[in-house]
Amino acid sequence: MNAEFWAAVLTALWTGVITSVSPCPLATNIAALTYISKHSGSHRLAVLAHGGLYALGRALAYIIIGFLLVKSLLSAPSFSFFMQKYGNQALSPILVLAGMYMLDMFGRGFMGFNVFDLSKFKVKGGAAPSLFMGFIFALAFCPISAALYFGVIIPLAARNSAPFSLPLLYGIGTALPVIGLAIILDFGLKKVSAVTGLAAKFERFARPVTAWVFIACGVYLGLKDIFGII
479 MNAEFWAAVL TALWTGVITS VSPCPLATNI AALTYISKHS GSHRLAVLAH GGLYALGRAL
539 AYIIIGFLLV KSLLSAPSFS FFMQKYGNQA LSPILVLAGM YMLDMFGRGF MGFNVFDLSK
599 FKVKGGAAPS LFMGFIFALA FCPISAALYF GVIIPLAARN SAPFSLPLLY GIGTALPVIG
659 LAIILDFGLK KVSAVTGLAA KFERFARPVT AWVFIACGVY LGLKDIFGII
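Adding 478 to a residue's 1-based position in the sequence shown gives its number in the working numbering.
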């Protein structure tokens, strides 16, 4: 495995983390886990177990979508040839635009939507409901999650012929903060505002840093593979 693939691996994992702590996905995760904590019974590790299953459901959704989409794209000879020959040139503007979007250079008009009614989901009676909740909530893409997943992860997966591994790593990245929230809830920190505050502080620092890294990588690929300056 070359350095480019390992860079894609780290990008997929970190982008998943950034997605999960962004305001819209974070609000959905906290709402779901708060609901789970109230309906998962009195067992000590019940919230943690259901939180892990919720995170697994989210990861599975990203894996399935990414695998099917990238696999179908790579099966087209013309697209596969294009990505192998011009993949870096195509990624250059995508990374720059993704970074600009994360820095809100296009405005703050998108706030996401509360698509699902949590009262419809019941987590009593087994593991399946929590898993299903995570899977369904992952499909309710907010603008930031849609931009990062379809704008960064899918092109990276196609460029590296990795229809399973990179979406998997992105899904794991989105699951890590969710599992962390479940642990916090399990050990008694029930105040959602405290959890939100910690995640918001992390996101305020990590998001612009990640955005500028995306922009820098996009500019580098453009100078190297489009203009041949480097």
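Note that beta-carbon positions come from the ideal geometry of N, C-alpha and C, so glycine has one too.
Classify Asn507: buried if its beta carbon has 16 or more other beta carbons within 10 angstroms, exposed otherwise.
Locating residue 507 in the sequence shown gives position 29, counting from the first residue. So Asn507 counts as buried.
Find out if the Cβ-Cβ distance for the pair Gly651, Val548 is shorter than 8 Å.
Locating residue 651 in the sequence shown gives position 173, where the first residue counts as 1. Locating residue 548 in the sequence shown gives position 70, where the first residue counts as 1. No.
On the premise that Trp492 lies in contact with Thr688, defined as a C-beta separation below 8 Å, what is that separation, rounded to the nearest angstrom?
On the sequence shown, residue 688 is found 210 positions in, with the first residue counted as 1. On the sequence shown, residue 492 is found 14 positions in, with the first residue counted as 1. Thr688 to Trp492, Cβ: 7 Å. Contact.
My output table needs one value for Ala618: the three-state DSSP class, helix, strand or coil.
Numbered from 1 along the sequence shown, position 140 holds the residue referred to as residue 618. Residue state, collapsed to three classes: coil.
Between the Cα of Phe683 and the Cα atoms of Ala625, Met580, Pro621 and Ala616, which residue gives the shortest distance?
Translated into the one-based positions of the sequence shown, residue 683 becomes position 205. The residue with the shortest Cα to Cα distance from Phe683 is Met580.
Going by the CB atoms, is the gap between Ile708 and Tyr698 shorter than 8 Å?
Residue 698 sits at position 220 when you count from the first residue of the sequence shown. Residue 708 sits at position 230 when you count from the first residue of the sequence shown. Their beta carbons are under 8 Å apart, which means Tyr698 touches Ile708 by this criterion.
Where does the unbroken alpha helix (DSSP H) through Tyr540 begin, and where does it stop?
Here the question's residue 540 lines up with position 62 in the sequence shown. Note, Tyr540: alpha helix (DSSP H), Ala524 to Leu552.
Under three-state DSSP, which class holds Val630?
Counting from one through the sequence shown, the residue named residue 630 turns up at place 152. Val630: helix per DSSP, three-state reduction.
Out of Leu538, Pro621 and Ile614, point me to the one whose CA is closest to Ser643's CA.
Counting from one through the sequence shown, the residue named residue 643 turns up at place 165. Closest option to Ser643, Cα to Cα, is Leu538.
Rounded to the nearest angstrom, what separates Val691 and Asp703 at their Cα positions?
For the purposes of this step, residue 691 is identified with residue 213 of the sequence shown, where counting begins at 1. For the purposes of this step, residue 703 is identified with residue 225 of the sequence shown, where counting begins at 1. Taking the straight line from one Cα to the other gives about 18 Å.
Taking the alpha carbon of Ile693 as the reference point, which residue from Ala576, Phe680 and Val499 has its own alpha carbon closest?
Walking along the sequence shown from the start, residue 693 turns up at place 215. Measuring from the Cα of Ile693, the nearest candidate turns out to be Ala576.
Taking the C-alpha atoms as reference points, what is the distance between Leu711 and Met583?
The chain is shown from 479 up to 708; residue 711 falls before or after that span and cannot be answered.
Quick one: measure Cβ to Cβ for Tyr648 and Ile622, integer angstroms, because I've assumed they're closer than 8 Å.
Here the question's residue 648 lines up with position 170 in the sequence shown. Here the question's residue 622 lines up with position 144 in the sequence shown. Actually they do not touch by this definition, with Cβ atoms about 13 Å apart.
Whose CA, out of Leu617, Phe610, Ala640 and Gly530, lies closest to the CA of Ala486?
Along the sequence shown, read from residue 1 onward, the residue named residue 486 stands at position 8. The shortest C-alpha separation from Ala486 is found at Ala640.
Are the CB atoms of Tyr532 and Tyr627 nearer to each other than 8 Å?
The residue you call residue 532 lines up with position 54 of the sequence shown. The residue you call residue 627 lines up with position 149 of the sequence shown. Their beta carbons are not under 8 Å apart, which means Tyr532 does not touch Tyr627 by this criterion.
Do you know how far the Cα of Lys679 is from the Cα of Ile542?
Within the sequence shown, residue 542 is the residue found at index 64, counting from 1. Within the sequence shown, residue 679 is the residue found at index 201, counting from 1. One C-alpha to the other measures close to 31 Å.
Nearest-angstrom Cα distance between Pro655 and Leu504?
As a working mapping, residue 655 is identified with position 177 in the sequence shown. As a working mapping, residue 504 is identified with position 26 in the sequence shown. Roughly 9 Å between the two C-alpha positions.
Among Val499, Ser550, Pro645 and Ile514, which residue has its Cα nearest to the Cα of Ala606?
Counting from one through the sequence shown, the residue named residue 606 turns up at place 128. Nearest of Val499, Ser550, Pro645 and Ile514 to Ala606, Cα basis: Ile514.
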